[in-house]
Amino acid sequence: MNDKWDTSSKVLSRRIVTTEDGSTSIEIPEMNEMYHSRKGAIKESQFVYIDHGYNLCTSSPINVLEIGMGTGLNVLLTLIESKRQQRTTYFHTLEPYPLNTNEWAQLNFEKHLSIAKETLQLIHETKSDEELEINEYFKFQLSKTKLELCQLNNNQYDVVYFDAFAPNKQANPWQLDNIQKVYDCLRPGGILTTYCAQGQFKRNLLQVGFSVTNPEGPMGKREITVAYKK
Ligand SMILES: C[S@@+](CC[C@H](N)C(=O)[O-])C[C@H]1O[C@@H](n2cnc3c(N)ncnc32)[C@H](O)[C@@H]1O
Numbered sequence: 474m475n476d477k478w479d480t481s482s483k484v485l486s487r488r489i490v491t492t493e494d495g496s497t498s499i500e501i502p503e504m505n506e507m508y509h510s511r512k513g514a515i516k517e518s519q520f521v522y523i524d525h526g527y528n529l530c531t532s533s534p535i536n537v538l539e540i541g542m543g544t545g546l547n548v549l550l551t552l553i554e555s556k557r558q559q560r561t562t563y564f565h566t567l568e569p570y571p572l573n574t575n576e577w578a579q580l581n582f583e584k585h586l587s588i589a590k591e592t593l594q595l596i597h598e599t600k601s602d603e604e605l606e607i608n609e610y611f612k613f614q615l616s617k618t619k620l621e622l623c624q625l626n627n628n629q630y631d632v633v634y635f636d637a638f639a640p641n642k643q644a645n646p647w648q649l650d651n652i653q654k655v656y657d658c659l660r661p662g663g664i665l666t667t668y669c670a671q672g673q674f675k676r677n678l679l680q681v682g683f684s685v686t687n688p689e690g691p692m693g694k695r696e697i698t699v700a701y702k703k
């Protein structure tokens with residue numbers, strides 16, 4: 474299947490939009506794709522990645538891998554939760570197409586969350602692979618690369634936030650070899666969570682050895698996927 478995003482000779486234009494819970498997100502009109510649900514960026518991210526990922530895991534300290542940092546919203550929500558729980562968190566995120574200053578500056582998360590705009594600046598303007606200590610509980614690293622190209626250690630992460638574009642818009646990250654890579658980098662008992670519940674993706678998860686569950690999704694969405702490494 475063609476990968477509409479990766480075969481493009483240019484980075485497609487991105488537009489900042491406001492979702493129904495008042496928080497901002499990004500739209501790629503040419504792909505007809507959103508970074509979050511139009512019904513609420515913060516509500517969706519909190520539900521899928523914090524409630525059904527970070528908070529389902531009891532490891533402390535905890536190692537999180539995110540595929541697709543995008544706006545940085547999942548980073549911020551995890552940062553807030555780590556401080557609230559006083560749980561040391563190592564957060565590693567992948568993003569091959571980082572936002573530019575003009576883009577991240579238009580995001581309004583500081584109006585809805587207890588974070589400073591400077592934190593958004595820190596996570597977006599860091600050098601690739603630089604290790605940042607955001608506070609005593611939250612250590613952060615952004616690798617400006619694709620899941621397909623990055624090297625990940627086996628059995629390193631407790632939770633994976635799988636937040637690439639939808640498989641019908643961007644096939645590669647969801648294919649079997651990349652799902653195998655994610656399985657290998659999780660510790661036994663580790664959790665993968667994602668908004669996506671596509672049939673082929675779920676079959677790929679089962680094929681590499683995950684146990685797959687499909688909790689009801691947020692804001693009227695039928696289901697999401699939470700998978701466990703055996
Ligand atoms: C649905 S958005 C992610 C939303 C993000 N987690 C947030 O909180 O804003 C998908 C992201 O995946 C990134 N991406 C695209 N191709 C990728 C790849 N091959 N590997 C990892 N990330 C990729 C995109 O640039 C985009 O930022």
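The opening position of the sequence shown corresponds to residue 474 in our numbering, with each subsequent residue numbered one higher.
Cβ coordinates follow ideal geometry from the N, Cα and C atoms, glycine included.
The way I'd put it, the stretch 658 to 665 doesn't touch the stretch 488 to 498; fewer than three beta-carbon pairs between them come closer than 8 Å.
Linking PHE582 to THR491 through their CA atoms gives a straight-line distance of about 11 Å. For secondary structure counted as the beta strand (DSSP E) over 3 or more consecutive residues, the stretch 510 to 544 holds these complete runs in sequence order: 535 to 540. Burial check for GLY672: the Cβ neighbour count within 10 Å stays below 16, so the residue is exposed. Note on geometry: alpha-carbon atoms of SER486 and ILE501 lie some 6 Å from one another. Shown here, GLN629 sits in coil according to DSSP, grouped into three states, outside any helix or strand. According to DSSP, residue pairing for LYS556 in a beta bridge does not occur. Counting along the chain, the unbroken alpha helix (DSSP H) around VAL655 starts and ends at 649 to 658. GLU609 and THR561 have their C-alpha atoms spaced approximately 8 Å apart. Judged by DSSP secondary structure, PHE564 falls within the beta strand (DSSP E) whose first and last residues are 562 to 567.
Taking the Cβ atoms as the reference, LEU538 lies roughly 4 Å from TYR630, within the contact range of under 8 Å. Where PHE582 is concerned, there is no enclosing beta strand (DSSP E), because DSSP gives it neither an H nor an E. Scanning its chain for C-beta atoms nearer than 7 Å, with the 5 sequence neighbours on each side dropped, one finds around PRO688 the residues HIS525, GLU696, ILE697, VAL699, in chain order.
Note that the C-beta distance between LEU550 and ILE523 is below 7 Å. In this structure, ligand 1 has a non-hydrogen atom nearer than 6 Å to the beta-carbon of LEU620. The beta carbons of ILE540 and ASP636 sit closer together than 7 Å.
In this structure, the C-beta of PHE564 stays at least 6 Å away from each heavy atom of ligand 1.
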